[in-house]
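Residue numbers 17 to 155, in this note's numbering, belong to the letters of the sequence shown in order.
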Amino acid sequence: MSNKDKSTLEDRFQGYIIDLVILTTLLFTLGYVIEAIFPFQDPTVTDFSDTFMLVSVLLIPFVYHGYFDGIKGGQTIGRKSAKTKLLRNNGGKVTFIRAGLRGLVRYFALFACMWLWWMTDGRTIIDRMFDTKVIKLPK
Numbered sequence: 017m018s019n020k021d022k023s024t025l026e027d028r029f030q031g032y033i034i035d036l037v038i039l040t041t042l043l044f045t046l047g048y049v050i051e052a053i054f055p056f057q058d059p060t061v062t063d064f065s066d067t068f069m070l071v072s073v074l075l076i077p078f079v080y081h082g083y084f085d086g087i088k089g090g091q092t093i094g095r096k097s098a099k100t101k102l103l104r105n106n107g108g109k110v111t112f113i114r115a116g117l118r119g120l121v122r123y124f125a126l127f128a129c130m131w132l133w134w135m136t137d138g139r140t141i142i143d144r145m146f147d148t149k150v151i152k153l154p155k
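Below, the structure written as structure tokens:
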């Protein structure tokens, strides 16, 4: 990957924040709807709404990234605004499953020290796990 193709930390962070806001908004909206349908009764009892929200926290990011990064060609809404694109390391398209799993790991394993693992080829530890790379698109 040439230097002109590498996405910068700022590019990735911009896309990440936009996607995080979208996913958080979806989850909070869904939470309010579920709470309205199944009102909170007893804090000691795990009910349907708790289970549904847990599944949603896993399913919504998986489907979001699977759809946009896998089916729609490697650009979530955040990546599109940051003008970056997710590809397989060999330059091919990312599958729905790989993109969805990568998205889940991205949100649940993102912590400050992760950026210390940024390698000179511009790929993070998550890129290495899923054999992907994020490139910068021309303006």
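Glycine included, every Cβ here is placed at the ideal spot set by N, Cα and C.
Once DSSP output is grouped into helix, strand and coil, what is the label at residue i?
i      : result
Arg104 : strand
Lys149 : strand
Lys22  : strand
Gln91  : coil
Lys96  : helix
Tyr32  : helix
Around the Cβ of residue i, are there at least 16 other Cβ atoms within 10 angstroms (buried) or fewer (exposed)?
i      : result
Ala98  : buried
Ala52  : exposed
Thr40  : exposed
Leu35  : A small fix is needed here, since residue 35 is Asp in this sequence, not Leu. Answer is buried; the Cβ neighbour count reaches 16.
Asp85  : buried
Asp137 : exposed
Could you give the distance in angstroms between the alpha-carbon of residue i and the alpha-carbon of residue j?
i      : j     : result
Asp27  : Phe68 : 33 Å
Leu132 : Gly90 : Residue placement at Leu132 is poorly supported in this model, since its pLDDT is 47, which falls under 50; the coordinates are not used for a value here.
Any beta-carbon of chain C closer than 9 Å to the one on residue i?
i     : result
Ile53 : The chain labelled as chain C is not found in the depicted structure, where only one protein chain is given.
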